[in-house]
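Quick note on numbering: the numbering used here labels position 142 of the sequence shown as 1027, and the sequence is numbered without any gaps.
The block underneath contains the structure these notes are about, expressed in structure tokens.
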Amino acid sequence: MTLITLKGNKINTIGDLPKAGTKAPNFSLTTVDLATKNLSDFSGKKVILNIFPSIDTGTCAASVREFNKKAASLENTVVACISRDLPFAQARFCGAEGIENVIMLSDFATGKFGKDYQLELTDGPLANLHSRAIVIVNESGNVVYTEQVPEIVDEPNYEAALKAL
């Protein structure tokens, strides 16, 4: 279990993010057009998993906007933005914001991704949603970088994540 905070109040995740050097757990998530995407669909590419509680919060939206800007110039790299939001909410946000360089993925149906990556929140007002985290997977499917953001309202360390690529 990892202790993090939400506006200074202690909350927990169900465990720890996958360790660097380990195989990233495969996933099956829903796209904005209700198709299914798996991690294995990105085989041979670097994958940035930008994970957050809800697209309808300022910090979550800011991380999607920032990675959307950065993703346009990244070679052989996919940015997947993952939350438990409904795909319709993700599509609405992307349409309104002109987001075109990232892939929005939803874990709304089962929450299995949050459990497999050990970042589901166990308590507090956001219980069952995802914590804010970054996981980077290399072309071989191995985790090369993780960041569990210690305070949910803070943005991730974009520079450290991009440097890990």
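Each residue gets a CB set at the ideal place from its N, CA and C atoms; glycine is no exception.
Note that the structure is a prediction, hence the values are computed from the model and not measured.
Between the beta-carbon of residue i and the beta-carbon of residue j, is there less than 8 Å?
| i | j | result |
| --- | --- | --- |
| Thr915 | Glu1005 | no |
| Asp1001 | Pro910 | yes |
| Asn961 | Lys931 | yes |
Mark residue i as exposed unless 16 or more other C-beta atoms lie within 10 angstroms of its C-beta, in which case mark it buried.
| i | result |
| --- | --- |
| Ser928 | exposed |
| Met989 | buried |
| Ser948 | buried |
| Gly980 | exposed |
| Leu919 | exposed |
| Thr921 | exposed |
| Thr907 | exposed |
So if DSSP puts residue i in a beta bridge, which residue, or which two residues, is it bridged to?
| i | result |
| --- | --- |
| Ala965 | Leu934 and Ile988 |
| Val1020 | Leu934 and Thr1031 |
| Glu1036 | Thr890 |
Segments of 4+ residues assigned as alpha helix (DSSP H) that fall wholly inside the segment 921 to 957 = 943 to 956
Evaluate contact between the segment 1014 to 1024 and the segment 932 to 942, counting only Cβ atoms and requiring at least three cross-stretch pairs below 8 Å.
-> yes
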